[in-house]
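Numbering (the working numbering), first residue to last: 65 to 244.
First comes the structure, then the notes that go with it.
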C-alpha cells in the first residue's frame, strides 16, 4: 500500500503497531505487560474492539490458560497514560472483572484433545458474554498456540474486514509478552 493511499484509520493503526515493541520493552518490570499489549491493540486507537480474551494453548502440558482480557466498558484511561503510571494500570487490571474472569479459565488443551476450535470458541464466548465472537489463532514461542476471541464494536462490514486483516499482524505482538 502506498503511503498516499493510507486512510487516517490506517495511519492510526500504524502508530499503534510502531510504538508497541518499544513499550513492551519498557514494561519488563511489571507483571501485566500482556494485558497492556492487549489493551493497546483493542482500545479506540487500535482495533476499537468491545471485548477480547487471550488464551495460550500448551499441548505439552495439556492446558488452555486464560492470560488476559479486555472489556471496553471497564476502561477509564488511555494506554498512553499507562506508561506514566504503571502502578495504576496494575491496580486497574486487578479490579477488572472481565480480565479476572478470563484469567480464571484453565482447562484441557484444544490441540491435544478432539475438541474443535470452533466449539471451544463458542463455549468460551458464551461463558465470557462475548457476542457474535470472532477468533484468531497464532503460533507462539515454545510450540504454544495463542487464541484470541473478540467482539467488534458495531461498524460497517467493510471496516470489520479491514480490521480482521490488520488484526492478524497485530496479534503476533502478544507472543512477545510473558505469560503470567
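No residue lacks a Cβ here, since even glycine has one placed at the ideal position from N, Cα and C.
In this text, all values refer to a predicted model and were calculated from it rather than measured experimentally.
Task: Alpha carbon of residue 182 to alpha carbon of residue 106, nearest angstrom - done: Cα to Cα, residue 182 sits roughly 22 Å from residue 106.
Open item on the list: Just checking: is the beta-carbon of residue 127 within a distance shorter than 7 Å of some beta-carbon in chain C?
Closed with: Annotation note: the requested chain C is absent from the structure, which comprises a single protein chain.
Open item on the list: Quick check: the Cα distance between residue 222 and residue 191, rounded to an integer number of angstroms?
Closed with: Because the pLDDT of residue 222 is 46, which lies under 50, any placement of that residue in the model is unreliable, and the number read from its coordinates should be weighed accordingly. Distance between residue 222 and residue 191, taken at the CA atoms: about 28 Å.
TODO: For residue 185, write down the residues that DSSP places opposite it in a beta bridge.
DONE: Its beta-bridge partners do not exist; DSSP assigns none.
- [ ] For the alpha helix (DSSP H) containing residue 102, list its first residue and its last residue.
- [x] It spans 97-106 - the alpha helix (DSSP H) in which residue 102 sits, taken as one unbroken run.
Task: Residue environment, residue 108, which counts as buried when at least 16 other CB atoms sit within 10 Å - done: By the 10 Å Cβ count, residue 108 comes out exposed.
Task: residue 163 (DSSP reduced to helix, strand or coil) - done: Reduced to three states, the DSSP call for residue 163 is helix.
Task: Buried versus exposed, by CB contacts within 10 Å (16 or more), residue 268 - done: Residue 268 falls outside the range modelled here, since the chain spans only 65 to 244, and no answer is possible.
TODO: Figure out for me which residue from 104, 193, 235 and 117 has the closest Cα to the Cα of residue 202.
DONE: Answer by Cα proximity: 235.
Open item on the list: Please classify residue 99 as buried or exposed, where buried requires at least 16 other C-beta atoms within 10 Å of its C-beta.
Closed with: Around the C-beta of residue 99, 16 or more other C-beta atoms lie within 10 Å, and the residue is accordingly described as buried.
Task: Between the CA atoms of residue 184 and residue 208 - distance to the nearest angstrom - done: Cα to Cα, residue 208 sits roughly 17 Å from residue 184.
- [ ] List the endpoints of the continuous beta strand (DSSP E) containing residue 125.
- [x] From DSSP, residue 125 is part of no beta strand (DSSP E); its letter is neither H nor E.
- [ ] Could you tell me the distance, in whole angstroms, from the CA atom of residue 101 to the CA atom of residue 167?
- [x] Distance between the alpha carbons of residue 101 and residue 167 is about 15 Å.
Open item on the list: Can you look up residue 157 in the DSSP assignment and give me helix, strand or coil?
Closed with: Residue 157 sits in a helix when the DSSP states are folded into three classes.
Open item on the list: According to DSSP, simplified to helix, strand and coil, what is residue 215?
Closed with: DSSP, read as helix, strand or coil, puts residue 215 in strand.
Task: Alpha-carbon spacing of residue 149 relative to residue 116, whole angstroms - done: Between residue 149 and residue 116, the C-alpha separation is close to 23 Å.
Open item on the list: Please state whether the Cβ-Cβ distance between residue 84 and residue 237 is less than 7 Å.
Closed with: Result yes, Cβ atoms of residue 84 and residue 237 sit closer than 7 Å.
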